[in-house]
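Asks: Pasting a structure here, questions to come.
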Amino acid sequence: MSGFHILNRYLLMALIAFPLMCGSGKADTYGLVGKSLSDLALLEIWRGCEAMASRNDDNCAALAATGSGHPRYQKRVLNEALQSARFKALGISVSHSDLIAEVLESSPLPLITIDIPFDEENSHISIGHIGVDNLSLGEDLAEVVKRLHPGGGNICIMTSFGLHRAEMEDRLLGLRQGLSGEKLEKGVRLNGHKGWREVARCPWNNGARSEQALTQLEFTLQHLDVDVFVAIDNWLIADPRAYKKVVAPYKKEIEAGKITMVLSIGGMRSEYSQLLSKRLVHGYLMINYFQLGQGSYTLMKAMASGQSIPAVTYIREHKTYLVKPVE
């Protein structure tokens, strides 16, 4: 299916077909432009936004293409949103700063960025940003690791460097600092800090692709001597069935905690809970995208009313899910 067809199908779903995704007959509509409909984070952000908006008889609409979420598709979705003249304000998770800036440079709509901001060159386009303090998120992830596997060990970290490298570098730095108990420079690997050592080949860069993340995990389990595996984004578990298939040959070791699996997620799904109950994952740190959605509506409503908003707003109320102790 071409990107154009994907775009049209989702816009039809988001703006016409399903009142759950875009209400009707209410005061104002606020648009949330994401990277992909299959992105659980976008759906959680929409849920939070809609929950707050409904208090004022407003509504929020989630706008994205299905599939992998190529920046070109996001650009087309954004063009459609601007041409529709339906929205009082927009919030966007930026997939490609320069490409998206081309569309918004002359837009009259008040705009915030959500989760992923514009780069410095294009930051003037948005009035404000709401997101996660990635350094603190990494530190919170380190606390989960230490609770599940105190005392250090061999660790492999997975991230997704790319268009949003700066955010992932901050998250990785926070994890390393949290485990080491020291202030570290970016790029400094754990090498005996509080007993933690990063194994060769790690950190993995999964390229924001689920298939690549799973291939890298499989290689790690087959060839590397690790005590802890940590994914600081959610691509590894985007397809829970595929994850379960990859770890199946190492089921006994993982169940017994010989390899501790700690993953970041954007929202809890029943499949994730099942992996936890079966001890194929030992801990999740869930970014509170619902709260991010609530805050996004508050900021967009304020902008549309002519009020000033902070340049940057961070949320930090993340949730931890840990495997139950063996009785």
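Using UniProt numbering, the first residue of the sequence shown is number 1, and each one after it goes up by one. Here a beta-carbon is modelled for each residue, glycine too, at the ideal position from N, C-alpha and C. Bear in mind the structure is a predicted one, so any value in this text is a computation, not a measurement.
Does the beta-carbon of residue 191 have 16 or more other beta-carbons within 10 angstroms, so that it is buried, or is it exposed?
Replies: For this step, residue 191 is matched to residue 191 along the sequence shown. Classification of residue 191: exposed, given that the 10 Å Cβ count is below 16.
Asks: Count the other CB atoms, across all protein chains shown, that sit within 10 Å of the CB of residue 174; report buried if there are 16 or more and exposed otherwise.
Replies: Residue mapping note: residue 174 aligns to position 174 of the sequence shown, counting from 1. Buried.
Asks: Based on the DSSP output, what are the partners of residue 286 in its beta bridges?
Replies: Indexing the sequence shown from 1 puts residue 286 at position 286. DSSP output for residue 286 lists 265, 319 as bridge partner(s).
Asks: What is the rounded straight-line gap between the Cα of residue 274 and the Cα of residue 236?
Replies: Counting from 1 along the sequence shown, the entry for residue 274 is found at position 274. Counting from 1 along the sequence shown, the entry for residue 236 is found at position 236. Each residue's alpha carbon lies about 16 Å from the other.
Asks: What is the residue span of the alpha helix (DSSP H) that residue 250 lies within?
Replies: Translated into positions along the sequence shown, residue 250 becomes position 250. Premise fails: residue 250 is in no alpha helix (DSSP H) and is neither H nor E.
Asks: Would you call the region 95 to 108 in contact with the region 280 to 296, where contact means no fewer than 3 C-beta pairs closer than 8 Å?
Replies: no
Asks: Thinking C-beta only, is residue 125 closer than 7 Å to residue 164?
Replies: Your numbering for residue 164 matches position 164 in the sequence shown. Your numbering for residue 125 matches position 125 in the sequence shown. Going by C-beta atoms, residue 164 is not nearer than 7 Å to residue 125.
Asks: Taking the CB atoms as reference points, tell me whether residue 33 and residue 153 lie closer together than 7 Å.
Replies: Here residue 33 refers to the residue found at position 33 when the sequence shown is read from its first residue. Here residue 153 refers to the residue found at position 153 when the sequence shown is read from its first residue. In this structure, residue 153 does not lie closer than 7 Å to residue 33 by Cβ.
Asks: Quick check on DSSP: helix, strand or coil for residue 307?
Replies: Your numbering for residue 307 matches position 307 in the sequence shown. Collapsing the DSSP output to three states places residue 307 in coil.
Asks: So, using beta-carbon positions, are residue 283 and residue 148 closer together than 7 Å?
Replies: Position 283 of the sequence shown holds residue 283. Position 148 of the sequence shown holds residue 148. Yes; because the gap between Cβ atoms is below 7 Å, this pair is in contact.
Asks: Hey, would you say residue 64 sits closer than 7 Å to residue 36, going by beta carbons?
Replies: Along the sequence shown, read from residue 1 onward, the residue named residue 64 stands at position 64. Along the sequence shown, read from residue 1 onward, the residue named residue 36 stands at position 36. The answer is yes: Cβ separation under 7 Å.
Asks: Is residue 193 helix, strand or coil when you go by DSSP?
Replies: Locating residue 193 in the sequence shown gives position 193, counting from the first residue. Strand.
Asks: Would residue 53 and residue 297 qualify as a contact pair, given that the criterion is a beta-carbon distance under 7 Å?
Replies: Translated into the one-based positions of the sequence shown, residue 53 becomes position 53. Translated into the one-based positions of the sequence shown, residue 297 becomes position 297. Yes, they are a contact pair.
Asks: Got a sec, what are the start and stop residues for the beta strand (DSSP E) residue 237 sits in?
Replies: Position 237 of the sequence shown holds residue 237. Looking at the DSSP string, residue 237 is not in any beta strand (DSSP E), and its letter there is neither H nor E.
Asks: Taking the alpha carbon of residue 324 as the point to measure from, which residue in 278, 307, 300 has its own alpha carbon closest?
Replies: For the purposes of this step, residue 324 is identified with residue 324 of the sequence shown, where counting begins at 1. Per the Cα distances, 278.
Asks: Shortest alpha-carbon distance to residue 342 belongs to which of 123, 89, 131?
Replies: In the structure as shown, the chain starts at 1 and stops at 327, and residue 342 therefore has no counterpart that could be examined.
Asks: Nearest to residue 346 by alpha carbon, out of 91, 79, 210, 158?
Replies: The requested residue 346 is not part of the displayed model; the chain covers only 1 to 327.
Asks: Provide the residue(s) that pair with residue 229 in DSSP beta bridges, ordered along the chain.
Replies: Position 229 of the sequence shown, counted from the first residue, corresponds to residue 229. BP columns for residue 229 point to 156, 261.
Asks: For residue 203, does the count of other Cβ atoms within 10 angstroms reach 16, so buried, or fall short, so exposed?
Replies: Here residue 203 is taken as the residue at index 203 of the sequence shown, counted from 1. Flag for residue 203 reads buried.
Asks: What three-state label does DSSP hand residue 223 in the structure shown?
Replies: As a working note, residue 223 is residue 223 in the sequence shown. Helix, per DSSP.
Asks: Would you mind giving the Cβ-Cβ distance between residue 199 and residue 224, rounded to the nearest angstrom? I have them listed as a contact below 8 Å.
Replies: The residue labelled residue 199 in the question sits at position 199 within the sequence shown. The residue labelled residue 224 in the question sits at position 224 within the sequence shown. Their Cβ separation, rounded to whole angstroms, is 5 Å, which keeps residue 199 and residue 224 in contact under 8 Å.
Asks: I need the DSSP call for residue 312, collapsed to helix, strand or coil.
Replies: As a working note, residue 312 is residue 312 in the sequence shown. Strand at residue 312.
Asks: Shortest alpha-carbon distance to residue 122 belongs to which of 139, 271, 95, 258?
Replies: Counted from its first residue, the sequence shown places residue 122 at position 122. Closest option to residue 122, Cα to Cα, is 95.
Asks: Strictly by DSSP, which residues pair up with residue 204?
Replies: Taking the sequence shown and counting its residues from 1, the one referred to as residue 204 is at position 204. For residue 204, the beta-bridge partners assigned by DSSP are 158.
Asks: Enumerate in chain order the residues of its own chain whose CB-to-CB distance from residue 50 is below 7 Å, with the five nearest sequence positions on each side excluded.
Replies: For the purposes of this step, residue 50 is taken as residue 50 along the sequence shown, with counting starting at 1. Around residue 50: 59, 60.
Asks: Mind listing, in chain order, the continuous beta strand (DSSP E) runs of no fewer than 3 residues lying wholly within the region 52 to 112?
Replies: Entirely contained in the region 52 to 112, the beta strand (DSSP E) runs reaching 3 residues are, in chain order, 59 to 63, 89 to 92.
Asks: Can you find the residues in the same chain that come closer than 7 Å, C-beta to C-beta, to residue 309, ignoring five residues on each side of it along the sequence?
Replies: In the sequence shown, counting from the first residue as 1, residue 309 sits at position 309. Around residue 309: 127, 128, 299, 302, 303.
Asks: Does the beta-carbon distance from residue 131 to residue 87 come in below 7 Å?
Replies: Counting from one through the sequence shown, the residue named residue 131 turns up at place 131. Counting from one through the sequence shown, the residue named residue 87 turns up at place 87. Not closer than 7 Å, so no.
Asks: Apart from the five residues just before and just after residue 262, which ones in its own chain have a Cβ nearer than 6 Å to its Cβ?
Replies: If you number the sequence shown from 1, residue 262 lands on position 262. Excluding sequence neighbours, residue 262 sits near 144, 145, 230, 283.
Asks: Within the same chain, show all residues whose beta-carbon is closer than 7 Å to that of residue 134, passing over the 5 residues directly before and after it, in chain order.
Replies: Within the sequence shown, the letter at position 134 stands for residue 134. Excluding residues within five positions, the ones whose Cβ falls inside 7 Å are 167, 170, 171, 174.
Asks: For residue 144, list the residues DSSP reports as bridge partners.
Replies: As a working mapping, residue 144 is identified with position 144 in the sequence shown. Answer is none; residue 144 lacks a bridge partner.
Asks: So residue 160 packs on residue 205, CB below 8 Å; how close in whole Å?
Replies: By 1-based counting over the sequence shown, the position of residue 160 is 160. By 1-based counting over the sequence shown, the position of residue 205 is 205. Their Cβ separation, rounded to whole angstroms, is 7 Å, which keeps residue 160 and residue 205 in contact under 8 Å.
Asks: From this set, 226, 234, 233, which residue's C-alpha is nearest residue 253's C-alpha?
Replies: The count along the sequence shown starts at 1 and reaches residue 253 at position 253. Checking every option, the nearest Cα to that of residue 253 belongs to 226.
Asks: Under the three-state reduction of DSSP, which class applies to residue 198: helix, strand or coil?
Replies: What you label residue 198 is simply residue 198 of the sequence shown in a count that begins at 1. Three-state DSSP puts residue 198 in a strand.
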